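Input: a single structure, listed below in structure tokens.
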Ligand SMILES: Nc1ncnc2c1ncn2[C@@H]1O[C@H](COP(=O)(O)OP(=O)(O)OP(=O)(O)O)[C@@H](O)[C@H]1O
Ligand SMILES: [Mg+2]
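In our numbering, the protein residues as written are 1231 to 1656.
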């Protein structure tokens, strides 16, 4: 054995990259130099005369295959094998032995050395072994990088899908904004025309005219406020902020709804009756959402096929859970959101009943799908009921429809609610 410190720590032989890097570690000059001569044309070489130097080299540069002498002074080849495998488990290692016991060799194999070769070695044998080891390493690297690329691709596809989902949700939401704002905008433009008419005729506004203008302006500003709230609701949904739950009594909301429904352009000559709830309570739902879902159901009822129809909206507070086993889907009935309905009383039951043309049973499964409409082009976007269903899902409510072509249609909503101890009904 030679003096370990006399040997330079490393002698990398410069060669074009990607040939594979072979680390030769032997504290004996002779074998190290002869291996260098054998392999210098084939691989990039790193030479070390002891374990610590070899570790330092492997830290600085990727090693594909290492040829390690087992018996060395400062650190045994077995210890070095363990450390190198720890640093890079994919590195292939071939041990060089002189007179080692089978026990040592078994240990080397256990530490995942690829093979061992006896000294003095025959050149074709060592060449064959190192060549095999290089090929194994290359294959493994290729497989690893293939797997990494596959992972990256899967992750990218996943991102794309999320992006796409977001984009389609956005599309639905923009369409919903337009759907919900359409009603108030029609009212605003109708009233502005009325006002123009009245004001254009009058040289001076007398008491009666002033009162007319005042009332209409009040309705207009209410509708404008409604448009703003609708936009804010959907925009906060886009920003993924939960909508604020207002603590407004159900009868105040029903009152506001009635006012908006009466002036809605779809009402025409249809009759509207709104019955208040006899027990003071508040729905666990944003007030604008509450009014919006009633408006969407009532608008549909106004447009339900008969020249003039009667639409009745009523509410009731239930102090017991619903018997869900009694609710079954059929040709004339359908329930939505049963799976996440929170059946904990008190529950607010809202019923929107019309005596219009009814819904054909083949439509009953489709009416909640976004963009399904039976109306003539430009008369309906088919979004009203999908918005109602989304709002009901957001509050873990239940939506039920029963319809027959003879009798008309009844929509029943169940919404989690709170009793109002502090206020009388109304
Ligand atoms: N009360 C009802 N009476 C009869 N048919 C109804 C009633 N409510 C809903 N429908 C049917 O359900 C379909 C879907 O309703 P939805 O409110 O989702 O869209 P739409 O009313 O067609 O369009 P939009 O709401 O955009 O004006 C309607 O086209 C109609 O066929
Ligand atoms: Mg509709």
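A virtual CB, placed ideally from N, CA and C, is assigned to each residue, including glycine.
Please read all numbers here as calculations on a predicted model, not as lab measurements.
Alpha-carbon spacing of residue 1358 relative to residue 1390, whole angstroms
Indexing the chain shown from 1 puts residue 1358 at position 128. Indexing the chain shown from 1 puts residue 1390 at position 160. Cα to Cα, the separation comes out at about 47 Å.
Reduced DSSP secondary structure (H/G/I, E/B, other) of residue 1415
Reading the chain shown from its first residue, position 185 is the one you call residue 1415. Of the three classes helix, strand and coil, the one that applies to residue 1415 here is helix, per DSSP.
Residue 1401 beta carbon near ligand 1 (any heavy atom closer than 7 Å):
Residue mapping note: residue 1401 aligns to position 171 of the chain shown, counting from 1. Flag unset: Cβ of residue 1401 not near ligand 1.
Cα separation between residue 1458 and residue 1518?
Looking up residue 1458 in the chain shown gives position 228. Looking up residue 1518 in the chain shown gives position 288. If you take the alpha carbons of residue 1458 and residue 1518, they lie about 11 Å apart.
So if I measure from each beta-carbon to every heavy atom of ligand 2 and keep distances below 5 Å, which residues remain?
1530, 1614
Given 7 Å as the limit, tell me if residue 1662 has its C-beta closer than that to any heavy atom belonging to ligand 1.
The requested residue 1662 does not occur in the structure, where the chain is confined to residues 1231 to 1656.
Considering only residues of the region 1333 to 1362, which uninterrupted beta strand (DSSP E) runs meet the minimum length of 3 residues and lie entirely inside it, listed in chain order?
1345 to 1348
Express the C-alpha separation of residue 1425 and residue 1445 in angstroms, rounding to a whole number.
By one-based count along the chain shown, residue 1445 stands at place 215. By one-based count along the chain shown, residue 1425 stands at place 195. Here the C-alpha atom of residue 1445 lies approximately 10 Å from the C-alpha atom of residue 1425.
Inter-residue CB distance, residue 1305 and residue 1333 (contact presumed, cutoff 8 Å)
For the purposes of this step, residue 1305 is identified with residue 75 of the chain shown, where counting begins at 1. For the purposes of this step, residue 1333 is identified with residue 103 of the chain shown, where counting begins at 1. With 8 Å as the limit, residue 1305 and residue 1333 do not qualify as a contact, their Cβ atoms being about 19 Å apart.
Assuming contact is defined by CB atoms lying nearer than 8 Å, are residue 1561 and residue 1591 in contact in what I supplied?
One-based indexing of the chain shown puts residue 1561 at position 331. One-based indexing of the chain shown puts residue 1591 at position 361. Yes, these two residues count as a Cβ contact at 8 Å.
Within this structure, are the beta carbons of residue 1323 and residue 1298 separated by less than 8 Å?
Position 93 of the chain shown holds residue 1323. Position 68 of the chain shown holds residue 1298. The answer is yes: Cβ separation under 8 Å.
Looking only at DSSP bridge pairs, what is residue 1501 linked to?
Here residue 1501 refers to the residue found at position 271 of the chain shown. Answer by DSSP bridge pairing, in chain order: 1540.
Check residue 1627 in the structure and name its three-state DSSP category.
Translated into the one-based positions of the chain shown, residue 1627 becomes position 397. Of the three classes helix, strand and coil, the one that applies to residue 1627 here is coil, per DSSP.
When the Cα atoms are used, what is the spatial distance from residue 1380 to residue 1387?
Counted from its first residue, the chain shown places residue 1380 at position 150. Counted from its first residue, the chain shown places residue 1387 at position 157. Spanning the two alpha carbons is a distance of roughly 10 Å.
Between residue 1407 and residue 1456, what straight-line distance do the alpha-carbon atoms span, to the nearest angstrom?
Counting from 1 along the chain shown, the entry for residue 1407 is found at position 177. Counting from 1 along the chain shown, the entry for residue 1456 is found at position 226. Near 12 Å, if we compare the C-alpha coordinates of residue 1456 and residue 1407.
Is the closest heavy atom of ligand 1 to the C-beta of residue 1586 under 7 Å?
As a first step, residue 1586 is located in the chain shown; it is residue number 356 there, counting from the start. Yes.
Can you name, in chain order, every residue of its own chain whose Cβ lies under 8 Å from the Cβ of residue 1619, other than the five neighbours on each side?
Your numbering for residue 1619 matches position 389 in the chain shown. Excluding residues within five positions, the ones whose Cβ falls inside 8 Å are 1566, 1567, 1598, 1629.
For residue 1370 and residue 1294, what's the separation of their Cα atoms in angstroms?
Here residue 1370 corresponds to residue number 140 of the chain shown, with the count starting at 1. Here residue 1294 corresponds to residue number 64 of the chain shown, with the count starting at 1. When rounded, the distance between both Cα atoms is 11 Å.
Shorter than 8 Å from the beta carbon of residue 1458 to some beta carbon of chain E?
In the structure shown, chain E does not exist; there is a single protein chain.
Threshold first: 4 residues or longer. Then list the alpha helix (DSSP H) segments lying entirely within the region 1517 to 1564, N to C.
1517 to 1532
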